[in-house]
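In what follows, a single structure is set out as structure tokens and then discussed.
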Amino acid sequence: MNTIIEPFRIKSVEPLHHSTREERERLLETAGYNLFLIEARHILIDLLTDSGTSAMSTGQWAAVMRGDESYAGSESFFRLKKVADELTGFRHMIPTHQGRAAERILFTVLCKPGHVVPSNTHFDTTRANIEFTGARAVDLPIPEAADTQARIDFKGNMDVDALDRLIRDEGADRVPLIMLTVTNNSGGGQPVSMANIEAVKEVAVRYGIPLYLDACRFAENAWFIRQQEEGYASWSPKRIAQKMFSLADGCTFSAKKDAFANIGGFLSTNDDRLAAQETNLLILTEGFPTYGGLAGRDLDAIAVGLEEVLDPDYLRYRIASTGYLGRHIADHGVPIVEPPGGHAIYIDAARMLPQIPRHEFPAQALAVELYRHAGIRSVEIGSVMFGAAARHELLRLAIPRRVYTQSHIDYVVEAILEVNARKSHLRGLEIVEEPPFLRHFSCRFRPL
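Going by this note's numbering, the sequence shown opens with residue 981, and the numbers climb by one from there.
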């Protein structure tokens, strides 16, 4: 059968509210044309992020009811630890309230001013946490990633030769860790091959540098490996994921992505000394080591989600449904980052809107117009988010897991194509107010 169906039934529903174009225009003006500053009740289809926006299953809600809220030694922690240990194989699993908390702890312990942290592509909060310590975040995507239209497998890979050169130029003592993001979010949601993880690991071992995975979307990455990399077609997603983790020395993980949870994450490592330092810092700002800033019910929900996300039926649907959105708009002339990734579709706004120069933020202008036209919220991944470090001007349409049906996605397709039909009339924006860090969260714009 060619029709994509959701591999679940809907048991509870949440209402969506339509608004008029005039209402949305007023909301945009009040929010300074920043979609982060619009209340969620005014959003019809919310594709701002896939983080913490998933629909939890009956199994997860049942697990919530048995959450153990003991301050120390919670049974919920040990249930999560059992699942995480079997999946990742790391000796230490430190729970945190979300992925960026794991990043902050990791980089606070490992990074100093003058250090350099290479990655295939750092996401915004990762980069900010690194730079807050005085270290420098360096992106080393493969050269082919520069062409958003190139249709190649594993476009999220790291440039291994560039990594080797960087370490030789900077000195291994100035590189406290290597980070691989799977899948590569800022690089268009593109997957990383097992061969690339192995090659990066070989460089890390040669120079005595630990390799960490930013594993937020590890299951989606595992599915791409199964589908596209020779030798893995008969492997289960879980077995592939286990091999991915076995090549690393630790990981950061946001359970708000590939665990369907609304909050939570963890930091894992094989280094006993490092784990002790990280746990001490955890206690200062997150909580006791067996809850890490989370309620017991959330720990239990994550444990169930880590098992559910590796279901082949779910992953087949997830990747196919994302590709459905990407192909339907790309085949009608909307330039996307090719090929479609796992959790989101990225529109190349600079290519779509050549009349808007980079300093007038074409992706932000497109995000504003898509909301004005159809009530759809998306997010800019470009010069607003990354400043001078931006490689592309992208608009990300992140698809929450198990939330929207195919008819919702068809509505998104229709809206994008209608905006594309009059794209020549769109104009840019200028920033009139911005904070010093992560400016895309709260800066304000005005139309030009």
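We treat Cβ as the ideally placed atom computed from N, Cα and C, and that holds for glycine.
If we require 4 or more residues per run, which alpha helix (DSSP H) segments fall completely within the segment 1019–1070? 1038–1045, 1055–1068
Considering just the uninterrupted stretch of the beta strand (DSSP E) at G1245, what are its terminal residues? For the purposes of this step, residue 1245 is taken as residue 265 along the sequence shown, with counting starting at 1. Taken as a continuous stretch (DSSP letters only), the beta strand (DSSP E) holding G1245 covers 1245–1249.
Say whether the segment 1338–1351 touches the segment 1314–1330, bearing in mind that this needs 3 or more beta-carbon pairs closer than 8 Å, one atom from each stretch. yes
Buried versus exposed, by CB contacts within 10 Å (16 or more), A1235: What you label residue 1235 is simply residue 255 of the sequence shown in a count that begins at 1. Buried: at least 16 other Cβ atoms inside 10 Å.
What is the DSSP secondary structure of N1164, reduced to helix, strand or coil? Counting from 1 along the sequence shown, the entry for residue 1164 is found at position 184. Looking at N1164 - three-state DSSP - the assignment turns out to be strand.
Can you give me the C-alpha to C-alpha distance between T1038 and P1337, rounded to a whole angstrom? As a working mapping, residue 1038 is identified with position 58 in the sequence shown. As a working mapping, residue 1337 is identified with position 357 in the sequence shown. Those two C-alpha atoms are separated by around 48 Å.
In angstroms with no decimal places, state the Cα-to-Cα distance between E1200 and E1209. Along the sequence shown, read from residue 1 onward, the residue named residue 1200 stands at position 220. Along the sequence shown, read from residue 1 onward, the residue named residue 1209 stands at position 229. Cα to Cα, E1200 sits roughly 14 Å from E1209.
Straight-line gap, E1398 to L1247 (C-alpha atoms, nearest Å): Position 418 of the sequence shown, counting from 1, holds the residue named residue 1398. Position 267 of the sequence shown, counting from 1, holds the residue named residue 1247. So the two alpha carbons sit approximately 43 Å from each other.
Could you say which of R1046, G1168, N1109, C1196 lies nearest to P1121 if we only look at CA atoms? Numbered from its first residue, the sequence shown carries residue 1121 at position 141. Of R1046, G1168, N1109, C1196, the residue nearest in Cα terms is G1168.
Alpha carbon to alpha carbon, what distance is there between I1018 and A1152? One-based indexing of the sequence shown puts residue 1152 at position 172. One-based indexing of the sequence shown puts residue 1018 at position 38. Approximately 45 Å, taken between the alpha carbons.
Collapsed DSSP secondary structure at Y1297 in the structure displayed: One-based indexing of the sequence shown puts residue 1297 at position 317. Of the three classes helix, strand and coil, the one that applies to Y1297 here is helix, per DSSP.
Rounded to whole angstroms, what is the Cα-Cα separation between L1279 and F1233? In the sequence shown, residue 1279 corresponds to position 299, counting from 1. In the sequence shown, residue 1233 corresponds to position 253, counting from 1. Each residue's alpha carbon lies about 13 Å from the other.
With DSSP as the reference, label A1130 as helix, strand or coil. Position 150 of the sequence shown holds residue 1130. In this structure, A1130 counts as coil in the three-state DSSP scheme.
In this structure, does DSSP put F1421 in helix, strand or coil? Counting from one through the sequence shown, the residue named residue 1421 turns up at place 441. Note: F1421 maps to helix in three-state DSSP.
Taking the beta strand (DSSP E) that M1073 belongs to, which residues open and close that run? Residue 1073 sits at position 93 when you count from the first residue of the sequence shown. Start and end: 1072–1076.
Could you round the C-beta distance between Q1257 and V1089 to whole angstroms and report it? I think they count as a contact, below 8 Å. To locate residue 1257, count along the sequence shown from 1; it is residue 277. To locate residue 1089, count along the sequence shown from 1; it is residue 109. About 5 Å separates the two Cβ atoms, so the contact holds.
Contacts around E1438, its chain only, beta-carbon distance under 8 Å, and the 5 residues preceding and following it disregarded: Outside the displayed range of the chain (981 to 1428) lies residue 1438, so it cannot be described from this structure.
Residue span of the beta strand (DSSP E) that contains V1096, given as start and end: By one-based count along the sequence shown, residue 1096 stands at place 116. Start and end: 1096–1099.
Looking at V1359: is its Cβ nearer than 8 Å to the Cβ of R1376? As a working mapping, residue 1359 is identified with position 379 in the sequence shown. As a working mapping, residue 1376 is identified with position 396 in the sequence shown. Yes.
Continuous beta strand (DSSP E) stretch holding Y1440: start and end: With the chain running from 981 to 1428 in the structure shown, residue 1440 is simply not present.
A1115 vs R1107 beta-carbon contact at 8 Å: For the purposes of this step, residue 1115 is taken as residue 135 along the sequence shown, with counting starting at 1. For the purposes of this step, residue 1107 is taken as residue 127 along the sequence shown, with counting starting at 1. Cβ distance not < 8 Å, so A1115 and R1107 don't count as in contact.
Environment of P1123 [buried if 16+ CB atoms lie within 10 Å]: Taking the sequence shown and counting its residues from 1, the one referred to as residue 1123 is at position 143. With fewer than 16 other Cβ atoms within 10 Å, it is exposed.
Member of T1163, H1405, N982, I990 whose CA lies at the smallest distance from the CA of G1322: Counted from its first residue, the sequence shown places residue 1322 at position 342. Of the candidates T1163, H1405, N982, I990, the one whose C-alpha sits nearest the C-alpha of G1322 is T1163.
CA-to-CA distance, N1165 to F1103, given in whole angstroms: Residue 1103 sits at position 123 when you count from the first residue of the sequence shown. Residue 1165 sits at position 185 when you count from the first residue of the sequence shown. Rounded to whole angstroms, F1103 to N1165 spans 7 Å at the Cα level.
Could you check where the beta strand (DSSP E) with D1119 kicks off and where it finishes? Your numbering for residue 1119 matches position 139 in the sequence shown. 1116–1119 is the extent of the beta strand (DSSP E) around D1119.
For F1087, I'd like the list of residues in its chain whose CB is within less than 6 Å of its CB, leaving aside the five on either flank, ordered along the chain. As a working mapping, residue 1087 is identified with position 107 in the sequence shown. Cβ neighbours of F1087 beyond the five flanking positions: N1109, I1110, T1113.
Under a three-way DSSP split, which group does T1265 fall into? Position 285 of the sequence shown, counted from the start, is the residue given in the question as residue 1265. Correct three-state label for T1265: helix.
When you compare only the Cα positions, how much space is there between V993 and L1027? Stepping through the sequence shown from its first residue, residue 993 is reached at position 13. Stepping through the sequence shown from its first residue, residue 1027 is reached at position 47. If you take the alpha carbons of V993 and L1027, they lie about 18 Å apart.
Identify whether L1274 lies in helix, strand or coil by the three-state DSSP scheme. Counting from one through the sequence shown, the residue named residue 1274 turns up at place 294. In the structure shown, L1274 sits in coil (DSSP, three-state: anything other than H, G, I, E or B).
Return yes when the Cβ of Y1192 is within less than 8 Å of the Cβ of D1229, no when it is not. For the purposes of this step, residue 1229 is taken as the residue at position 249 of the sequence shown. For the purposes of this step, residue 1192 is taken as the residue at position 212 of the sequence shown. Yes, they are a contact pair.
Exposed or buried, what is I1356 when buried is set at 16 or more other beta-carbons lying within 10 Å of its beta-carbon? Position 376 of the sequence shown holds residue 1356. Buried is the call here.
Boundaries of the alpha helix (DSSP H) in which T1106 is found, first to last residue: Sequence index remark: in the sequence shown, residue 1106 carries index 126 (1-based). Where T1106 is concerned, the enclosing alpha helix (DSSP H) stretches over 1104–1112.
For T1000, which of H1353, R1219, G1047, G1272 has the nearest alpha-carbon? Start at 1 with the first residue of the sequence shown, and residue 1000 comes out as number 20. That would be H1353, whose Cα lies nearest to the Cα of T1000.
Are the CB atoms of V1383 and T1033 nearer to each other than 8 Å? Locating residue 1383 in the sequence shown gives position 403, where the first residue counts as 1. Locating residue 1033 in the sequence shown gives position 53, where the first residue counts as 1. Result yes, Cβ atoms of V1383 and T1033 sit closer than 8 Å.
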